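Residue numbers (my numbering): 68 to 149.
Glycine residues also receive a C-beta, built at the ideal position from the N, C-alpha and C atoms.
Because the structure is a prediction, the values reported are computed rather than measured.
Worksheet for the structure shown next.
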Amino acid sequence: MPGTTRLPRSRRFQKGGGSDRMDEKILTLTDFEQRVLVRGMNEFRNDLIQDGKPTEDVDHVILKVIDAPTKKGRRWPGRETR
Numbered sequence: 068m069p070g071t072t073r074l075p076r077s078r079r080f081q082k083g084g085g086s087d088r089m090d091e092k093i094l095t096l097t098d099f100e101q102r103v104l105v106r107g108m109n110e111f112r113n114d115l116i117q118d119g120k121p122t123e124d125v126d127h128v129i130l131k132v133i134d135a136p137t138k139k140g141r142r143w144p145g146r147e148t149r
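Written out as structure tokens, the structure reads:
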């Protein structure tokens with residue numbers, strides 16, 4: 068789907084024998100949904116700053132969403148001539 072953004076796969080963190088690891092989630096967002104998510108996260112970050120709380124985790128998520136690669140649509144060879 069053109070115009071969508073796919074969040075990159077995160078690293079998997081393992082503790083002990085690897086039985087406890089973080090689940091990874093992949094979201095496919097339209098450009099509008101990505102902008103809404105970034106704006107909401109930024110407002111949440113501003114609230115944390117106002118309350119004097121740390122923002123490192125929120126900053127990390129905002130950067131992930133902003134830097135997420137755009138998923139390219141499939142192109143079939145020879146379809147342009149049809």
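Are the beta-carbon atoms of residue i and residue j separated by less than 7 Å?
i, j, result
"residue 132", "residue 105", "yes"
"residue 130", "residue 122", "no"
"residue 128", "residue 112", "no"
Any idea what DSSP makes of residue i, helix, strand or coil?
i, result
"residue 96", "strand"
In this structure, what does DSSP give as the bridge partners for residue i?
i, result
"residue 122", "Note: residue 122 sits in no beta bridge, so no partner."
Relative to the alpha-carbon of residue i, which residue among the options has its alpha-carbon at the smallest distance?
i, options, result
"residue 139", "97, 89 and 91", "97"
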